[in-house]
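First comes the structure, then the notes that go with it.
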Amino acid sequence: MILLNVSFGIYALLPQGWIFMIVIILIECLGLSYILNKRWFDKKAYKTAILSNLISGIIGFIGSMILNGGWWLVVWFPWVSNNEVNGTEEFKWLAVFYGIAFALTLLIEGLVNYLMLKKDYHKSKVIRTTLIVNIISYTIGSLAMYSYSF
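For any residue, its number in the working numbering is found by taking its place in the sequence shown, counting from 1, and adding 18.
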């Protein structure tokens, strides 16, 4: 089993990390498609979700490297264990980092989704759907990642 005390950047380069990311993107594809069209598969919704996640991931990767002097995805997806976070002060800062990463993800994915879907759907529906699917994927992803880190 992978060491629990690593950044998501290291985990992301392992097969388990790729599987994790594919599952999260699939959740967003399914959610975007179903909420917008009441169908589990819509080609345009899937393309949009994949592209917005790819762009968000690349920006997160680069941003994390800049902010951390070369560490991958530590800021964008802060994955720590109880070795680093063992008090209320550390949990507070983890929540702040997580909130910032979530807000930036929503901003990037919301913009990409809107630009790709603006001809087919009203702006508020695209933004609301982006928010809903990201809440779902972040919740599932966070529970999966942190359930065995703490």
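All C-beta atoms, glycine included, are put in the ideal place defined by N, C-alpha and C. Treat the numbers as computed from the prediction; the structure is a model and nothing was measured.
- Within its own chain, the residues whose Cβ lies closer than 7 Å to the Cβ of Y156, once the five positions on either side in sequence are excluded, are F120, listed in chain order.
- For F109, the enclosing alpha helix (DSSP H) stretches over residues T106 to L135.
- Here V114 is exposed. Its C-beta has fewer than 16 other C-beta atoms within 10 Å.
- Here the segment 135-154 makes contact with the segment 40-51; the two share three or more CB pairs at distances below 8 Å.
- Residue range P33 to N55 is occupied by the alpha helix (DSSP H) that includes F38.
- Taking a cut-off of 8 Å for Cβ pairs, the segment 137-144 and the segment 31-40 do not touch, as fewer than three such pairs fall below it.
- With 16 or more other Cβ atoms inside 10 Å of its own Cβ, S74 counts as buried.
- The beta carbon of V130 sits closer than 8 Å to those of T66, L69, S70, I73 and S74, all from its chain and outside the five residues before and after it, given in chain order.
- For I43, the closest C-alpha among the options Y64, F59, D60 and P33 is that of Y64.
- Spanning the alpha carbons of I84 and L122 requires a straight line of approximately 15 Å.
- Sequence-distant partners of I77 (beyond 5 residues in either direction) whose C-beta falls short of 7 Å from its own C-beta, in its chain, are I126.
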